[in-house]
Amino acid sequence: MAEQSLTMDELSVIVTAILCGTIARAWILKEDYRQYPSYPNGFLIHIIIGFVAASLGAVAIPALMTKNFIAVTFLTLALQQFRDVRKMEKESLSDLENTEYTYRGEAYIDGIAKTFESRNYLAFITAFTVSLTITILSISQWVDIAIGIVVGFVALYCLKQFTKGKTIGDIADVEEGKVEIRDSSLYVDDIYVSNLLGTENSEKMFREEGMAVVIYPKEDHFRINLDNFGQRQAALFEATRALGNKRFHFTRKEYEKGRVVIALIPIKQEIDSLIEVVKKCPLIESAKKSHSVMNTNLKGEK
Amino acid sequence: MGRESSMKPDYQILAYITMDKNRLLASSCLSLYAETEQDSKEMTVDIAKALKADVVKMTNGDYLVVRV
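If you read the sequences in order, they're chains A and B.
Each step along the first sequence adds one to the number in our numbering, with nothing skipped, and position 51 is 570.
Each step along the second sequence adds one to the number in our numbering, with nothing skipped, and position 16 is 31.
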């Protein structure tokens with residue numbers, strides 16, 4: 520019986536690692552201008568899942584140390600659980616699609632769900648690193664714990680930098696566009712956008728309250744990302760989500776220079792916020808292309 | 016309202032309002048004839064409001080009530 524109960528050392532390893540993992544999850548769980556996850560229920564759900572992830576990472580090393588190899592098979596359970604997190608996020612966001620001002624789009628939802636899944640791995644790896652460091656070191660208990668915590672958070676910082684995504688602002692300039700209506704058609708900086716403004720009311724409304732931004736890719740190959748339908752939809756979604764949407768929202772790409780237009784009638788009339796929100800819109804993973812890969816000589820063609 | 020969520024846009028023409036009887040051919044959507052420009056505008060706006068749809072003014076002066 521005595522062999523089965525935890526020693527104080529093991530307990531301190533596990534508790535420290537769990538705490539570090541959970542704090543790590545809470546640290547990377549930020550509610551920003553994207554208003555997601557919604558406070559407080561979304562927060563609670565993800566912190567609890569993060570706690571479970573941290574627990575799995577924390578007990579792996581003590582389980583191995585006590586030659587309890589079967590217990591390590593629960594790591595497969597962890598994988599399953601994290602995949603379920605992705606599925607849960609995906610389903611939940613897909614269910615909300617028809618209630619938002621505009622659609623997030625499948626590509627964006629996929630990106631968000633993947634991020635949530637990967638952040639659980641971050642909590643898991645942080646807890647695992649803390650647990651491993653404390654177990655390996657044998658200076659004195661408190662020093663081991665302190666070093667373990669530091670190593671855990673260094674690992675977290677590195678992983679955070681690694682998983683950090685880019686935004687539209689990194690690859691393109693976003694500027695205010697001049698809204699014009701000619702013969703019931705909407706033009707922004709002379710780019711045709713839509714002819715859905717057929718009535719005088721809608722024309723008047725767009726002329727008075729309509730706002731538009733134009734995205735200029737910094738380099739030609741960035742057009743591949745920006746022209747992606749999911750990417751434009753994500754930018755439009757962020758714009759309507761941040762500023763509200765009274766009526767009408769359009770995106771349009773222009774073929775000559777690769778400019779992308781986002782036009783809408785927002786509730787909040789703040790052009791600076793609109794520019795900022797489009798700049799900060801994340802580049803979705805499925806649209807991301809690595810330009811350097813294109814130059815490699817994989818097939819010996821050069 | 017310019018929703019472009021799917022790669023296959025689901026456009027639907029709900030009504031066509033014209034001032035030229037020759038353009039009224041058999042169609043699946045509601046096709047209406049208006050005597051005057053004012054008439055056609057009013058009819059279009061009324062239908063669009065009722066169906067919560069958008070309006071396209073064609074170059075020839077006819078109106079389309081569409082849902083995007």
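Quick reminder that beta carbons are idealized off the backbone N, C-alpha and C, glycines included.
The structure presented is a predicted model; accordingly, all values stated were derived computationally and were not measured.
Give the DSSP-derived three-state secondary structure of residue i in the structure shown.
| i | result |
| --- | --- |
| K72 of chain B | strand |
| S713 of chain A | strand |
| A754 of chain A | helix |
| P736 of chain A | strand |
| L678 of chain A | helix |
| E695 of chain A | strand |
| I655 of chain A | helix |
| L548 of chain A | coil |
| Y627 of chain A | helix |
Give the straight-line distance between the Cα atoms of residue i and residue j, rounded to the nearest whole angstrom.
| i | j | result |
| --- | --- | --- |
| N720 of chain A | V732 of chain A | 22 Å |
| K56 of chain B | T718 of chain A | 8 Å |
| L755 of chain A | D689 of chain A | 17 Å |
| V578 of chain A | L525 of chain A | 11 Å |
| S20 of chain B | G624 of chain A | Here S20 of chain B scores only 46 on pLDDT, less than 50, and its place in the model is too uncertain to base an answer on. |
| A646 of chain A | R766 of chain A | 48 Å |
| Q27 of chain B | R602 of chain A | 39 Å |
| L583 of chain A | A590 of chain A | 8 Å |
| D702 of chain A | A49 of chain B | 20 Å |
| V712 of chain A | E695 of chain A | 15 Å |
| S611 of chain A | V693 of chain A | 31 Å |
| C677 of chain A | D663 of chain A | 21 Å |
| K697 of chain A | Q600 of chain A | 49 Å |
| G684 of chain A | K549 of chain A | 15 Å |
Would you say residue i touches the ligand MN, meaning its beta carbon is less than 6 Å from a heavy atom?
| i | result |
| --- | --- |
| V532 of chain A | The ligand MN is not among the ligands present in this structure, which contains no ligands whatsoever. |
Return the first residue and the last residue of the beta strand (DSSP E) that residue i is part of.
| i | result |
| --- | --- |
| A49 of chain B | Unbroken run through A49 of chain B: none, as it is neither H nor E. |
| R766 of chain A | 766 to 772 |
| S704 of chain A | 704 to 707 |
| I784 of chain A | 779 to 784 |
Between which two residues does the alpha helix (DSSP H) carrying residue i extend?
| i | result |
| --- | --- |
| D603 of chain A | 593 to 614 |
| L39 of chain B | Premise fails: L39 of chain B is in no alpha helix (DSSP H) and is neither H nor E. |
| Y622 of chain A | Premise fails: Y622 of chain A is in no alpha helix (DSSP H) and is neither H nor E. |
| A573 of chain A | 560 to 584 |
| E804 of chain A | Element bounds for E804 of chain A: n/a, residue is neither H nor E. |
Looking at residue j and residue i, is the spacing between their C-beta atoms short of 7 Å?
| i | j | result |
| --- | --- | --- |
| T541 of chain A | F570 of chain A | yes |
| V796 of chain A | A761 of chain A | yes |
| T648 of chain A | A674 of chain A | yes |
| V532 of chain A | T654 of chain A | yes |
| A753 of chain A | Y627 of chain A | yes |
| L715 of chain A | D69 of chain B | yes |
| I666 of chain A | L656 of chain A | yes |
| A63 of chain B | V80 of chain B | yes |
| C539 of chain A | G671 of chain A | yes |
Is there contact here, the region 636 to 644 of chain A with the region 756 to 776 of chain A, by at least three beta-carbon pairs under 8 Å? No, the region 636 to 644 of chain A does not touch the region 756 to 776 of chain A.
Quick test of the definition: if touching needs 3 or more C-beta pairs under 8 Å, does the region 799 to 806 of chain A touch the region 32 to 48 of chain B? Because the criterion of three Cβ pairs below 8 Å is not met, the region 799 to 806 of chain A and the region 32 to 48 of chain B do not touch.
Between the region 726 to 744 of chain A and the region 780 to 795 of chain A, do at least 3 Cβ pairs fall closer than 8 Å? They touch, by the three-pair rule.
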